[in-house]
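Everything below concerns the one structure shown next.
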Amino acid sequence: MTSTDVYEERYRPVPKTILVIAVCFLFTAAALLVPLDAFTRILTLALFGVGGVVMLVATFSRKVALRVDATGITLGGSPLRYAATTAHVPWAEVEAVVLWRQPLAQNLPYIGVLRPHDAPPLPGTPTGPAGKLMAGFGYAVSGAPDPRLLAAGRAINGWRLDLDRLTAAVRHHAPGVPVRDLR
360 MTSTDVYEER
370 YRPVPKTILV
380 IAVCFLFTAA
390 ALLVPLDAFT
400 RILTLALFGV
410 GGVVMLVATF
420 SRKVALRVDA
430 TGITLGGSPL
440 RYAATTAHVP
450 WAEVEAVVLW
460 RQPLAQNLPY
470 IGVLRPHDAP
480 PLPGTPTGPA
490 GKLMAGFGYA
500 VSGAPDPRLL
510 AAGRAINGWR
520 LDLDRLTAAV
530 RHHAPGVPVR
540 DLR
């Protein structure tokens, strides 16, 4: 087995995530030490305290964020609902791997798998009228170059992408699948 057979990235501490955790704990400490009215104190502790703990747990969870192997591409789920939102896309459903940036969130980088229009919904994809409304809103804000990338796309946040290793693994397992870097 060579290094190009499998490409895997896991959630881990990266500078941006560490900064967010530090800011959360700074606001939490301030909420405990600075005289505030009860509502502001509770709101600050709920948002920054709980948010900081969730970020801390997700960062050090070491769960798979992205995996490219012989079976296809696995996109790790959101930290709060990891099992329910983790998606595996078999190579037969992969038309392209696309990298882009979301302009509204400080150019947050994304990776997505372009799938056929008739591909079945992936786990964690909202369905029904509310799901379609959310998907439309998500597409509008995501900056995704194609709406199909939304359900099979993830922010590159809390982990690092090695474009060379990703490209090598995709070429190894699915030589006809392009990796498009639109960042």
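For the numbering used here, add 359 to where a residue sits in the sequence shown, where the first one is 1. Using N, Cα and C, we set each Cβ at its ideal position, and we do this for glycine too.
Cβ-Cβ distance between residue i and residue j below 7 Å
{"i": "G435", "j": "W450", "result": "no"}
{"i": "A510", "j": "L481", "result": "yes"}
{"i": "T403", "j": "A390", "result": "yes"}
{"i": "R542", "j": "R460", "result": "yes"}
{"i": "F384", "j": "G411", "result": "yes"}
{"i": "Y370", "j": "V427", "result": "no"}
{"i": "P462", "j": "G502", "result": "yes"}
{"i": "V456", "j": "V529", "result": "yes"}
Limits of the unbroken beta strand (DSSP E) element including residue i
{"i": "G512", "result": "G512 to A514"}
{"i": "V365", "result": "Segment: none, V365 is in no beta strand (DSSP E) and carries neither H nor E."}
{"i": "A424", "result": "V423 to D428"}
{"i": "L458", "result": "A455 to Q461"}
{"i": "R539", "result": "V538 to D540"}
Integer Cβ distance of residue i from residue j, believed to fall under 8 Å
{"i": "I470", "j": "I515", "result": "6 Å"}
{"i": "G517", "j": "A381", "result": "That pair is no contact at about 15 Å."}
{"i": "E368", "j": "A405", "result": "Contact doesn't hold; Cβ gap of about 31 Å is too wide."}
{"i": "T433", "j": "T444", "result": "Contact doesn't hold; Cβ gap of about 12 Å is too wide."}
{"i": "V448", "j": "V413", "result": "Actually they are not in contact, since the Cβ atoms of V448 and V413 sit about 27 Å apart, beyond 8 Å."}
Terminal residues of the alpha helix (DSSP H) in which residue i lies
{"i": "G435", "result": "Premise fails: G435 is in no alpha helix (DSSP H) and is neither H nor E."}
{"i": "H532", "result": "L522 to H532"}
{"i": "L374", "result": "Leu is not the amino acid found at residue 374; the sequence shown has Pro there. Counting along the chain, the alpha helix (DSSP H) containing P374 begins and ends at P374 to L392."}
Residues near residue i in its chain [Cβ-Cβ closer than 6 Å; skip 5 each side]
{"i": "R474", "result": "E452, R507 and A511"}
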